[in-house]
Each structure stands twice: as structure tokens, then as C-alpha cells.
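Sequential numbering from -2 applies to the sequence shown in my numbering. Input: a single structure, listed below in C-alpha cells.
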Amino acid sequence: MTRLRATVLLCGLASSAAWAQTPAAAETEFLVAITGSNGATRVERSNSVPLIPGRVCYEWRIRLTSGDRLVSAREVFELPAPPTLWGGVDENDYSSSQLSKDRKISQTTMFYRPKDGWISHGWCVAEGDPAGPYSIKVYVGEQLLHAFDFNAESVPGSDAQ
């Protein structure tokens, strides 16, 4: 009976340790979706985001090693200069995002139930978004899962076909 209790206790501890492990990134991708003037959208992996409001969106994706269990992730999004408006933050009194005093950094904590191990979050280009280097860092707890560094680039004439 004592051996059975010890075995059950050890199995419980092993299970708790596995549950407490912070997930790691098994795979990452950064996608840019561009809608042309003809209405067709193309999605591509890129580290360049054309600044065309209403026609360009971008998304980070991370496949976790922990499978599909619930996870809390923190996104730290840094811009080279403050945007005219932080969409979903400035006009939302209930936003879970916090802005730095200089308005160049947004921190958002999100809860995910991964689908096939994947978590993701995206943004769309808005009027007044600054050109230059951007960085999105994704953390679970204090562990950095991945840093997505990319450039937002002005497009003369804004025709992204």
C-alpha cells in the first residue's frame, strides 16, 4: 500500500511539473496580407510591411511545444514613433493593453487555447502609422518565445497590386 501511494504521489508530481513547464516556440511565422485595388488579397511571409491603410494587415504566429492547453501570452509591440491612434486601445476604456508614456510601446496580455498548437495575433495598417523598424516580442511568463522584427515602409502612390 505504501508503494502504491508513493507511485501515485510521484505520478502526480511528474504531471504537475509537466503542466508547470513554460511552453517553447516550435515554429514561428510572420505573415503580411495585402489587398490590391482589384480586391484580391495575397498573403506572404515577409519582414516588410507596406504602409497602406485599409489594405495591409500583418500577423505573427507561434506553434507551441505545449500542444493545445490554455496559455497566457504577453505581446510587447514597439514602434519607431507614436502612431496617430493605437487601434483597439485609444478608443477602448476596457482594453487589456497598456501604453508607454511615450506611446511607442503597447503591452497586451492575451489568453489562448491554441489550435493545433498555434497562437497568433494581428494588426492592420492605419492612417498615421509611422514608417521604420517595428518589433513584436511575445512572452509566456518572463520567457521570450520569439521576437518578430520587421520594417514598415511608406509606399508612394499606395497602390499595392
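C-beta atoms are modelled at their ideal positions from N, C-alpha and C, and glycine is treated no differently.
So, helix, strand or coil for residue i, using DSSP?
i	result
Gly154	helix
Asp99	coil
Ala144	strand
Thr81	coil
Trp16	At Trp16 the pLDDT is 47, less than 50, meaning the model places this residue with poor confidence and gives no usable figure here.
Thr62	coil
Leu28	strand
Gly129	strand
Arg71	strand
If you draw a straight line from the alpha carbon of residue i to that of residue j, how long is it in whole angstroms?
i	j	result
Ile49	Tyr131	16 Å
Trp83	Asn35	28 Å
Val68	Tyr109	5 Å
Phe147	Arg71	19 Å
Val40	Gln95	29 Å
Arg52	Ala30	8 Å
Gly138	Gly154	43 Å
Leu141	Ile133	11 Å
Glu24	Asp65	14 Å
Ala128	Pro47	9 Å
Pro111	Ser97	28 Å
Ala79	Ser45	For the sequence presented, residue 79 should be read as Pro rather than Ala. Those two C-alpha atoms are separated by around 19 Å.
Val86	Thr105	10 Å
Asp113	Ala149	30 Å
Ile102	Ala37	32 Å
Arg100	Trp57	21 Å
Which first and last residues belong to the beta strand (DSSP E) in which residue i is found?
i	result
Lys112	Lys112 -> no beta strand (DSSP E), and no H or E assigned at all.
Pro47	Ser45 to Pro47
Glu41	Thr38 to Arg42
In the DSSP assignment, what residue or residues form a beta bridge with residue i?
i	result
Val137	Gln140
Ser94	Thr105
Ala22	Leu61
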